[in-house]
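Residue numbers (my numbering), protein chains in the order written: chain P, 3 to 789; chain Y, 3 to 267.
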């Protein structure tokens, strides 16, 4: 790492997240203007975007090579009152909460009280959403049956394709002009809507160009004042880059990185979409620029690494937008899930690993930053050297990169009806979500609490936490004659709540499509321009909605325990079991011990449990897959939790697998913490018994003790474990390489372990920033040793 | 086939018991009583109860039963589960213990069945068995990990409970008969870490026709908790692992005879 990158990195790490009121003020100013009142919805959104970029402070830091900040300075985080308006109490919580705080100064509070809150009250998307939800939906939401992703953030969940690197904004404007010219008012009853949408995209494209020019002007002024001739030269070079891109297509490595970065900040300034934005297949996009310049002698490896380092820091400067309430609990992290994809295959299916792939892996290892997240796509066609290199970074113990199965992702996307070339140019974004990069709007709609339904099934649809009849009366559990009857009741609870969730989703998608278009993001994703339709309204080539199942392991083990002890062995009566659960096992310690130790558990390659796993998966799949969404696409399943397994666990009492009330659920498709006792091959064998190819992503976390990976043999064999899992169509696997002693020590002395990074779910986080419940959950995960 | 064998543990993703990713099957029962034994719960031939805690919890407290009979088809089905990882890594199954040669018919049936299924087999043995078992059973393994502990017969008897003449003779019998043999030498401080002793062993091994590698396994006090749980005397209590430098210094004596030396197997 060069001294410059060391300094930039240190400054980024030292900067504290703060709330910036700048965007809220500019947005409100604009919405109060006559221009806003007179414009159509999409044009109003585009003009708001333009107004913000024209007036926001330009920040160019010392030593920087890549420029552009969302806030007035690094980690100064804007708010999005048109989506979700923070109350003064929310601001207080953000400022003072012990984990994931954002500092809020008095000016911000005052401006919120005087200007932001009075204007936006009753105008937000959040309020609109809740006002359209049924009582059933609200009751289920409050009980923790599911969460709602769009209550505080806008849809997004997408990654850029290569278009960003091939076309400038000026080229996109020409495409838009052409589309406007082709509008057929004679026959197309939506021609006016398309016209307004295209005009909005055009305004947004020009707004980004103008914002880049503002940077160029500032850089030129800085160059004039600069006394160091070397830095002056750099500033002038950067100014030239900003005058050229993103207006025109990039031609150099530096220009390509700067282009993406302007686009990235554009997306996260327009709104606060989930997962920020994502360059997707970064090694593929950058390779032509890299190769051309290396051959021409205008770029060295070292310079490329320095530019990449500067680029990495920009991601780390941008914490996730502030999240509170349930959204805060389901995704309790500063990480905003931009996930760099490396490796995989190209559009024609050939091995895509190149020398830049390895160079970027070096950068990931050296930078050791939370953001951006990173992953490798491993195809059967990729060389072992590639996975070995990635695992050597994993060994350093910061949970990155995660490892994805390219061949599975391609099959998942093709099964969903996508073109195979589009599938091969896709990958995984966010935590583990498969998508056709640059061409798909794949919206995550919320987490779904599979385990809570076991509790409802045991109580005839009543939620024992509140005494409320939440679900349908599916029968007294004591009356079920066999496990099939019990499972069928669980399945009916599932169908009931999935139906509620999907009705809500489709209303919310229409709300976002109608009231909160994203003309800038729509520029980037095919075929929004060609269709003259917004990203949020079905303009993309592919439109998918996901419901993310949580607690697969806990649900499987709970149902397996009922099957094994109550119905198969007859060793426990259901009434006794219910009494024990109601008492949280107080006075039932021996029963709990049997449930924990004398019951088949998922994660051990034990068919007695894994058969139930398959039934749970198939029921969930059948309930969700193929149900229409409101954007011309359908719903699909995926299985990941972020931090929601902790929240969902907190709303469930004791479960028949021996889990005590309030404890976190299992995470992703990982086994219940501590239940897997036969080593990692048994875990991945169990995990492969669901059909990953019919999901849009699964998440498997494994913890290894550092000594397992101490030598190259350990690395090689871990690579073979991964290859084995992927031969069985596993979607994803990731590793924590850390021992429990280290984590305990970090709990006792957080001040000495500020830099300890662990894998949580589909992302890494600083261990000391995690809630105590999540810290405990990670410590309890089984660690595989080699003794 | 209805033959049963007594097995006390099946370890998957075993990384140090032969090539690739392996499933190691620990046979219960051993004719030796090595002071440094890492698996004291595998010494007796019958199932036994081992308390779950090290502080000698009362009778009837939580305990696990160590060892149970397995049929050959049942055990082979368990081994087959990780087939995909053997294929991926060039791995297979390892029969260890206890002493696998102490259940020769069971081991023989397993070796035959694995060969039929193209699963690579390794046997990790003390070599203490009748010579015909060495010739007719052990030689069927694709790889033999053959323990040598001490060249001095009296000391061998003291520290393992049996003399070493049969073990050395069996190794000579096996030499040339088994497809591949690797010697495993547990380096135990105060027992077999004298240079003279090691020179003698190196000379003996170097005289074998087909043995070219020796794995030097430094003693580790890892089993202390198990001794306490089993309420057995740990005669190595307080003994520490040799350092890497000490191990390498002694390993060099093996290497001097032209043997390949690996540390930790």
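We put the beta carbon where it would ideally sit given N, CA and C, even for glycine.
Going by C-alpha to C-alpha distance, which of the options sits closest to residue i?
i: residue 770 of chain P; options: P:641, P:504, P:749; result: P:749
i: residue 703 of chain P; options: P:317, P:283, P:727; result: P:727
i: residue 667 of chain P; options: P:186, P:424, P:453; result: P:453
i: residue 617 of chain P; options: P:752, P:10, P:418, P:493; result: P:493
i: residue 162 of chain Y; options: Y:135, Y:180, Y:194; result: Y:194
i: residue 711 of chain P; options: P:421, P:392, P:125, P:499; result: P:392
i: residue 41 of chain P; options: P:205, P:96, P:184; result: P:205
i: residue 576 of chain P; options: P:265, P:461, P:200; result: P:461
i: residue 127 of chain P; options: P:741, P:519, P:550; result: P:519
i: residue 785 of chain P; options: P:677, P:438, P:758, P:6; result: P:677
i: residue 466 of chain P; options: P:290, P:640, P:663; result: P:663
i: residue 221 of chain P; options: P:234, P:408, P:418, P:470; result: P:234
i: residue 108 of chain Y; options: Y:125, Y:94, Y:93, Y:92; result: Y:125
i: residue 566 of chain P; options: P:620, P:554, P:486; result: P:486
i: residue 413 of chain P; options: P:437, P:396, P:400; result: P:437
i: residue 555 of chain P; options: P:569, P:517, P:614; result: P:614
i: residue 34 of chain P; options: P:125, P:59, P:514, P:100; result: P:125
i: residue 30 of chain Y; options: Y:20, Y:86, Y:72; result: Y:72
So that I know if they touch, is there some Cβ in chain P lying closer than 7 Å to that of residue i?
i: residue 246 of chain Y; result: no
i: residue 83 of chain Y; result: yes
i: residue 242 of chain Y; result: no
i: residue 229 of chain Y; result: no
i: residue 3 of chain Y; result: At residue 3 of chain Y, the pLDDT of 45 sits below 50, so the modelled position is not reliable; the number obtained from the coordinates is stated separately. Not one chain P Cβ lies under 7 Å of residue 3 of chain Y.
i: residue 15 of chain Y; result: yes
i: residue 121 of chain Y; result: no
i: residue 216 of chain Y; result: no
i: residue 67 of chain Y; result: no
i: residue 86 of chain Y; result: yes
Counting contacts by CB-CB distance shorter than 7 Å, is residue i in contact with chain Y?
i: residue 722 of chain P; result: yes
i: residue 70 of chain P; result: no
i: residue 782 of chain P; result: no
i: residue 729 of chain P; result: yes
i: residue 612 of chain P; result: no
i: residue 607 of chain P; result: yes
i: residue 746 of chain P; result: no
i: residue 382 of chain P; result: no
i: residue 719 of chain P; result: yes
i: residue 726 of chain P; result: yes
i: residue 662 of chain P; result: no
Between which two residues does the alpha helix (DSSP H) containing residue i stretch?
i: residue 208 of chain P; result: 193–227
i: residue 46 of chain Y; result: Segment: none, residue 46 of chain Y is in no alpha helix (DSSP H) and carries neither H nor E.
i: residue 289 of chain P; result: 284–298
i: residue 629 of chain P; result: Residue 629 of chain P -> no alpha helix (DSSP H), and no H or E assigned at all.
What residue range does the beta strand (DSSP E) around residue i cover?
i: residue 435 of chain P; result: 435–437
i: residue 546 of chain P; result: 544–552
i: residue 735 of chain P; result: 734–739
Would the beta-carbon of residue i be found less than 6 Å away from any heavy atom of the ligand ADP?
i: residue 154 of chain P; result: You won't find the ligand ADP in this model; it holds no ligand whatsoever.
Give me the Cβ distance between residue i and residue j, rounded to the nearest whole Å; I'm assuming they're in contact under 8 Å.
i: residue 544 of chain P; j: residue 635 of chain P; result: 7 Å
i: residue 683 of chain P; j: residue 23 of chain Y; result: 7 Å
i: residue 534 of chain P; j: residue 47 of chain P; result: Residue 534 of chain P to residue 47 of chain P, Cβ: 15 Å. No contact.
i: residue 622 of chain P; j: residue 688 of chain P; result: Residue 622 of chain P to residue 688 of chain P, Cβ: 17 Å. No contact.
i: residue 338 of chain P; j: residue 383 of chain P; result: Incorrect: roughly 31 Å between the Cβ atoms, too far for contact.
i: residue 32 of chain P; j: residue 269 of chain P; result: Residue 32 of chain P to residue 269 of chain P, Cβ: 19 Å. No contact.
i: residue 156 of chain P; j: residue 321 of chain P; result: Their Cβ separation, rounded to whole angstroms, is 17 Å, which puts residue 156 of chain P and residue 321 of chain P out of contact at 8 Å.
i: residue 74 of chain P; j: residue 61 of chain P; result: 6 Å
- Query: Which residues, in order along the stretch 666–699 of chain P, keep a beta-carbon less than 8 Å from a beta-carbon of chain Y?
  - Reply: 680, 681, 682, 683, 684, 687
- Selection of the stretch 88–102 of chain Y by Cβ proximity to chain P, strictly under 7 Å: 90, 91
- Item | Contact residues within the stretch 198–212 of chain Y, judged by C-beta distance below 7 Å to chain P | none
- With 9 Å as the limit, tell me which residues of the stretch 20–32 of chain Y have their beta carbon closer than that to any beta carbon of chain P; keep them in chain order. 22, 23, 25
- Can you give me, in chain order, the residues of the stretch 277–294 of chain P that have a beta carbon less than 8 Å from any beta carbon in chain Y? none
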